[in-house]
Amino acid sequence: MTMTAKEPKYVAPTVYPETQKYWDAASDGKLLVKRCLDCGEHHHYPRESCPFCFSERTEWRDASGQGAIYSYSVMRRATVPYVIAYVTLAEGTTMMSNIVDCDPDKLRIGQPVTVTFRPSDGGPALPMFTPV
Amino acid sequence: MSLKGKAYIAGAFEHPTRRADNKSVAQLHAEVARGALADAGLTLKDVDGYFCAGDAPGLGPMSMVDYMGMKPRHVDSTETGGSSYVVHVAHAAAAIAAGRCNVALITLAGRPKAEGMATGTAPRNYGAAPDVPFELPYAPTTVNMYAMAAMRHMHEYGTTSEQLAWIRVAASHHAQHNPNAVVRDVVTVQDVVRSPMIADPLHRLDCCVISDGGGALVVVRPEIARQLKRPLVKVLGTGEYVRAQTGGKVDLLTTGASWTGSAAFAEAGVKPADIQYASIYDSFTITVLLTLEDLGFCKKGEGGRFVSDGNLISGTGKLPFNTDGGGLCNNHPGNRGGMTKVIEAVRQLRGEAHPKVQVPNCSLALAHGTGGSLGTRHGSGTLIMERE
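Now the structure itself:
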């Protein structure tokens, strides 16, 4: 079973000023992560203050776009079945996403994936992942 | 301040309905309040503390206070999803200990069945929450989020679908004796693993039921409990925690129960091996497995073996659980199972569970609630109770 032919319509994320840069970059085909200038930790989802040390000094960094599947599930009970996953980025932080352009029955935890982008329904592009 | 012995659960009531087409949510709240107060031998006039969560219609506790005609001097609308009512018992005990109230009423009601809600399989939009834009577009549902926890547990520890199925099998053995249960059929491991796959690796029978109804509890000051005619069920230990994604350091295998269990056991001064009956939140089979590990009933990674071969079946296993049939078979009113967890534990401690599932001389019981989603963020509550 492959899911390349038919994909669901993706809900557009609400873009707040705090995360505008993330979504602008996604629409340009780039994945950003937040990093704390005080403690040095990367975090996701991105926010103004660091969730590890509560510093307000955080910066946007270009992510490599490489990662590995931490866990996933194939949602069978949907009009169009899809794969939801947590992907651990090379930068060390883990993000929720979908795995696309894949055979869902052949996915496995630990599998290397790379970022790709899909349009949302009337909003910015969404970072997703596909097996390397 | 320790809450040990500071309050007693004097009243408990589970609404018998599982489908409330012709009742409002407010009406259901009033019906369960009436039931629990009657059970305690008290009236609404005695209530001076009121506790409810997000299922109560209106702003916090205000509409229900108005609808029922209460005059509370203490209110608390702590919202931690389905675990709220377990947490409310602890908050009620704290309020009683602090002299803020004497008789605390806790109510829950909902009608997702009548409203046709796709509880597990449709993504839920939590509005302006800061995480929503980074999750909702990927269509997280209740079931596929818990499924990711199950998938990871299988990966790390070799847990199998058959082991998870044993949790449903045990619940079904209990539900056959509950005339109000949504599903009363006794099932086998094969029945569970052959039921349709919903979100890998969770099958339909790994998922709880969707039901209407509700429940209520009455928590009172020790002096009042001793004046009432009901068996004495003492609050012994409590714990609450909110577990989240921790900024992207995601660990789906450590639940809030790791914190709430330690806190509750320390406050109660007992250990997991002392517990004679456990109500464990069972939105899905995996919820039970992870919770049992984190509460310390077995080591991390050994949950699959622990739940197998009927170990959770009353009369057969070492840890009788969810003897009403739990959320998996009996009831998950308003998509919030914490209330019914406390209620069945109270029944066990009073010796009022169904005779086929009653734990002999049950004097020490635990109830645990998990609210929200194990896959994203959840609120946990643990309550240890003793029959005096």
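One line per chain: the protein sequences are A and B, in this order. The opening position of the first sequence corresponds to residue 1 in the numbering used here, with each subsequent residue numbered one higher. The opening position of the second sequence corresponds to residue 1001 in the numbering used here, with each subsequent residue numbered one higher. Built from N, CA and C at the ideal position, the CB exists for glycine as well.
Practice task
Verify whether the separation of the beta carbon atoms of G1005/B and K1234/B is less than 8 Å.
Solution key: A contact, by the Cβ cut-off of 8 Å.
Problem - Cβ contact (3+ pairs, closer than 8 Å) linking the region 1223-1243 of chain B and the region 1082-1096 of chain B - result: yes
Exercise for the section: Any chance you could list the alpha helix (DSSP H) runs of at least 4 consecutive residues sitting entirely within the region 1026-1097 of chain B, in chain order? Expected result: 1062-1068, 1084-1097
Practice task
For the region 50-66 of chain A, enumerate the residues whose C-beta is nearer than 9 Å to any C-beta of chain B, in chain order.
Solution key: C50, P51, F52
Handout entry: Cut-off 6 Å between Cβ atoms - residues of its own chain near T19/A, not counting five sequence neighbours on either side
Key = Excluding sequence neighbours, T19/A sits near P46.
Practice task
Please confirm if the region 1133-1143 of chain B is in contact with the region 1068-1076 of chain B, defined as three or more CB-CB distances below 8 Å between the two stretches.
Solution key: no
Practice task
Write down the C-beta distance between T58/A and K30/A rounded to the nearest angstrom, noting that I regard them as a contact closer than 8 Å.
Solution key: Actually they do not touch by this definition, with Cβ atoms about 18 Å apart.
Practice task
Would you kindly work out how many angstroms separate the C-alpha atoms of Y1126/B and A1020/B, rounded to a whole number?
Solution key: 25 Å
Handout entry: The alpha helix (DSSP H) enclosing H1174/B, as first and last residue numbers
Key = 1161-1175
Problem - 8 Å Cβ shell around S1363/B - same chain, five flanking residues per side excluded - result: Q1276, L1349, E1386, R1387
Problem - L1290/B - containing alpha helix (DSSP H), residue span - result: 1285-1295
Problem - Neighbour list for S120/A in chain B, Cβ cutoff strictly below 8 Å - result: P1137
Practice task
Would you verify that the beta carbon of R1124/B is, or is not, closer than 8 Å to some beta carbon of chain A?
Solution key: no
Handout entry: Minimum Cβ-Cβ distance from H1155/B to chain A less than 8 Å
Key = yes
Exercise for the section: Could you have a look at K34/A and say whether DSSP puts it in helix, strand or coil? Expected result: strand
Problem - C-beta neighbour in chain B for L126/A, strict 8 Å - result: yes
Exercise for the section: Please list the partners that S97/A has in chain B, where partner means a Cβ-to-Cβ separation under 8 Å. Expected result: Below the 8 Å Cβ cutoff, chain B contributes Y1138 as neighbours of S97/A, in chain order.
Practice task
Per DSSP, which residues does V1242/B bridge with? Please list them.
Solution key: G1379/B
Exercise for the section: Pull up the distance between the alpha-carbon of V113/A and that of V1186/B, whole angstroms please. Expected result: Cα to Cα, the separation comes out at about 43 Å.
Problem - beta-carbon P1123/B near the ligand ADP non-hydrogen atom, thresh 7 Å - result: With respect to the ligand ADP, the structure offers nothing, as it holds no ligand at all.
Exercise for the section: Consider the Cβ of R35/A: report whether some Cβ of chain B lies at a distance smaller than 8 Å. Expected result: With 8 Å as the cut-off, R35/A does not count as an interface residue toward chain B.
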